[in-house]
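For reference, the structure discussed in these notes is given below.
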Amino acid sequence: EGWVDTAIARQEILVIKLEGLSASPGTSDWYIARFQSLVNYCIAQGIPIITMDDLYKLQSGPITIPIAN
373 EGWVDTAIAR
383 QEILVIKLEG
393 LSASPGTSDW
403 YIARFQSLVN
413 YCIAQGIPII
423 TMDDLYKLQS
433 GPITIPIAN
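Residue numbering for the sequence shown follows this note's numbering, starting at 373 and increasing by one per position.
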């Protein structure tokens with residue numbers, strides 16, 4: 373959540389690269405519950421979540437971001 377708050381304060385794009393999600397993560401993976409908590413926090417803060425492909429497309433023009441329910 374600290375990363376998200378810092379990105380909001382600085383009006384920056386935050387890129388988080390995950391190798392995988394697991395109930396028993398290795399060194400490059402995240403716990404599933406921790407990832408879900410981060411996603412929920414972003415949604416609560418009104419932060420759009422996009423893919424890397426969408427981020428690259430933003431360099432060419434606007435994209436449509438679905439609204440989270």
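Virtual Cβ for every residue (Gly too), placed ideally from N, Cα, C.
Note down the Cα distance separating Q383 from D426, rounded to an integer number of angstroms.
18 Å
What does W402 pair with, by DSSP beta-bridge criteria?
L393
Since V376 and Y413 are thought to touch, with beta carbons under 8 Å apart, how far apart are those beta carbons, to the nearest angstrom?
6 Å
Just verifying my parser: in three-state terms, what is the DSSP assignment at V376?
helix
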